[in-house]
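J.: The sequence shown begins at 1 in full-length UniProt numbering and counts up one residue at a time. The C-beta atom is built at its ideal place from N, Cα and C for all residues, glycine as well. Quantities reported herein were computed from a predicted structural model and do not represent experimental measurements.
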Amino acid sequence: MKYLIAANWKMHKTCAETLDYLDKFLPSVKDILNVEIMIAPPFTALSSASIRLDAAKKEGEFNVKLGAQNMYFEEKGAFTGEISPIMLNELNIDYVILGHSERRHIFKEKDELINKKMYSAIEHGIRPILCVGETIEEREQGITLNVIENQIRKGLAGIEKDMPYIDIAYEPVWAIGTGKTATPEQAEEVHRFIRSLINEMSKGNDDKTRILYGGSVKPENATDLIKQENINGFLVGSASLDPEKFYKIIINSLEE
Ligand SMILES: O=C[C@H](O)COP(=O)(O)O
1 MKYLIAANWK MHKTCAETLD YLDKFLPSVK DILNVEIMIA PPFTALSSAS
51 IRLDAAKKEG EFNVKLGAQN MYFEEKGAFT GEISPIMLNE LNIDYVILGH
101 SERRHIFKEK DELINKKMYS AIEHGIRPIL CVGETIEERE QGITLNVIEN
151 QIRKGLAGIE KDMPYIDIAY EPVWAIGTGK TATPEQAEEV HRFIRSLINE
201 MSKGNDDKTR ILYGGSVKPE NATDLIKQEN INGFLVGSAS LDPEKFYKII
251 INSLEE
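1. Exposed or buried, which one is residue 2 when buried takes at least 16 other CB atoms within 10 Å?
2. Taking its Cβ as the centre, do 16 or more other Cβ atoms sit within 10 Å of residue 69, making it buried, or is it exposed?
3. Residues bridged to residue 127 by DSSP?
4. Could you please give me the residues that DSSP links to residue 160 through a beta bridge?
5. Which residues bound the alpha helix (DSSP H) around residue 201?
6. Just list the residues that DSSP pairs residue 252 with in beta bridges.
7. Can you give me the Cβ contacts of residue 89 inside the same chain, cut-off strictly under 8 Å, excluding the 5 residues immediately before and after it?
8. Would a C-beta distance cut-off of 9 Å place residue 37 and residue 250 closer than the cut-off?
9. Just checking residue 100 against ligand 1 - is the residue's beta carbon closer than 8 Å to any of the ligand's heavy atoms?
10. Is the beta carbon of residue 236 within less than 8 Å of some heavy atom of ligand 1?
11. Could you work out which residue in 91, 139 and 130 is closest to residue 234 when comparing CA atoms only?
12. Out of curiosity, what's the CA-to-CA distance linking residue 214 and residue 110?
13. Looking at ligand 1, does it come within less than 8 Å of residue 175, judged from the CB to the closest heavy atom?
14. Can you have a look at residue 76 and say buried or exposed, based on whether 16 or more other CB atoms are within 10 angstroms of its CB?
15. Go through its chain and collect everything with a Cβ distance to residue 84's Cβ below 8 Å, but skip five positions before and after it.
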């Protein structure tokens, strides 16, 4: 399984800043082919980034993919402010991040809506990354694994057979943007649980599904996290905004 190191820029970077980033970042990862790299800029920068990546790919083999940070499940219609899968298809978007904790908590997205988006992404050939994670209160109540199981069962309801086209990101809400990373052991405990759950749900058809860790990943903690047996990559927020830091996370993940 090729690991995936993904950058979620959230609401950061204009088109000009995106192109400037790619100018610095792409040459540094040109020869890295044994890990998949994905960048999810804001919607407004996807088109420019897509053109820039196409140009890079014409110059040789390249392992950088583009992702969207969200998507609506309908193809078109009166859904003010939303972006559809066919709009993403037009830009050759490979991945879409769904159910991110900021979508769940700030924008009140529920598992049922996330499940419809998962269906739609798969139907349109866009590989979804389903994000799950517990709050600090849930961890303190000792219900972390119940919360994760519930989010995964509801998010994947009806699409268990499509497991080979899905990745999952475990992002403890208390570790996102706080500087508090889960320890490698804390992360591994949940990743091991997710692996056995999706293995059971897909009847053993989960060997193409990467389980990413997200939450204050930085160059300093990437090596110890990736050493864990069931951590198959990262979803990186703040540290991915700096091309050099993101490059170091990739390099440090490759050492193991
Ligand atoms: O999608 C990324 C996660 O929310 C992690 O963000 P962070 O690396 O800034 O903690």
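T.: This is what the structure gives:
1. exposed
2. The Cβ neighbour count for residue 69, taken over all protein chains shown within 10 Å, is at least 16; the residue is labelled buried.
3. Bridge partners of residue 127 according to DSSP: 95.
4. The partner list for residue 160 (beta bridge, DSSP) is empty, contrary to what the question assumes.
5. 184 to 201
6. DSSP, once it has assigned bridges, lists no residue as partnering residue 252.
7. Hits under 8 Å: 124, 125 and 126.
8. Result yes, Cβ atoms of residue 37 and residue 250 sit closer than 9 Å.
9. Yes, Cβ of residue 100 sits closer than 8 Å to a heavy atom of ligand 1.
10. yes
11. 130
12. Roughly 20 Å separates the two Cα atoms.
13. The answer is yes for residue 175.
14. exposed
15. 71, 72, 74, 75 and 76
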